[in-house]
Amino acid sequence: MSDLLRFGVSIEDDLLQSFDQLIAGRGYATRSEALRDLIRDALVGGRLEKQQEATEVLGSLTLVYDHHAHELAEKMSGIQHGSHEMVVSVLHVHVSHDDCMEVIVLRGQAGKVRKLADALLSLKGVKHGKLFITLPAQVISERAASAHSHNGSHADKQEHSHSHGKQDARHRSG
Ligand code: NI
11 MSDLLRFGVS IEDDLLQSFD QLIAGRGYAT RSEALRDLIR DALVGGRLEK
61 QQEATEVLGS LTLVYDHHAH ELAEKMSGIQ HGSHEMVVSV LHVHVSHDDC
111 MEVIVLRGQA GKVRKLADAL LSLKGVKHGK LFITLPAQVI SERAASAHSH
161 NGSHADKQEH SHSHGKQDAR HRSG
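Position 114 (the sequence shown) corresponds to 124 in the numbering used here; numbering is contiguous.
In structure tokens:
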């Protein structure tokens with residue numbers, strides 16, 4: 011794991027208050043962790059925008075559907091078997107007498123993952139669903155390391171003192 015750096019952020023008072031309220035509501039203990047998650051999300055999003063089709067991604071597709079719908083279960087199963095190399099795992103929940111929920115974990119090229127998800131989401135009887143796409147954690151880190159090495163000048167880095175967990179904790183409630 012790389013060293014932790016501390017940096018100052020200039021931000022309007024009301025903006026920071028709103029941010030604090032938001033992250034408190036989401037259960038974050040510190041601004042630092044909330045900011046790290048925002049940065050990671052931005053890095054993943056930025057990479058997916060640039061390399062949409064060929065990038066190897068992880069996905070989770072959640073579907074809620076009426077299992078009484080005509081041949082729906084057979085169609086869903088058939089589509090997944092047709093792309094079995096991308097289907098890592100399937101979690102099926104019998105939600106009620108009528109409804110089922112499936113969470114399908116997918117792995118493959120982004121374009122193919124999206125296409126498979128669209129094929130399932132568009133089936134008649136699927137009431138709601140959404141695909142979440144992310145990257146392996148290692149890939150996110152590689153991306154960050156790569157961008158850093160291309161930066162050339164590390165002048166700004168010298169002004170930053172390294173801090174570690176406990177030091178960070180001392181400052182984060184402020
Ligand atoms: Ni079911």
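Every residue gets a Cβ at the ideal spot worked out from N, C-alpha and C, and that includes glycine.
Item to check | Expected contact under 8 Å - CB spacing of G69 and I143 to nearest Å | outcome: 5 Å
Next on the checklist: Are the CB atoms of V74 and V98 within a distance shorter than 8 Å?
Outcome noted: no
Checklist entry - With burial defined as no fewer than 16 other Cβ atoms inside 10 Å of the residue's Cβ, what is the status of H158: buried or exposed? => result Legend: pLDDT at H158 = 48, less than 50; position of this residue unreliable, value from coordinates given subsequently. By the neighbour-count rule (16 or more Cβ atoms within 10 Å), H158 is not buried but exposed.
Checklist entry - Using DSSP with H/G/I as helix, E/B as strand and the rest coil, what is V105? => result coil
Checklist entry - Any idea if V103 is buried or exposed, counting beta-carbon neighbours within 10 angstroms, 16 or more meaning buried? => result exposed
Next on the checklist: Rounded to the nearest angstrom, what separates A185 and A64 at their Cα positions?
Outcome noted: A query on residue 185 cannot be resolved here, the shown segment of the chain reaching from 11 to 184 and no further.
Next on the checklist: Starting from H91, trace the alpha helix (DSSP H) in both directions and tell me its first and last residue.
Outcome noted: L82 to G92
Checklist entry - Whole-angstrom Cβ separation of L71 and A127, contact assumed at under 8 Å? => result 5 Å
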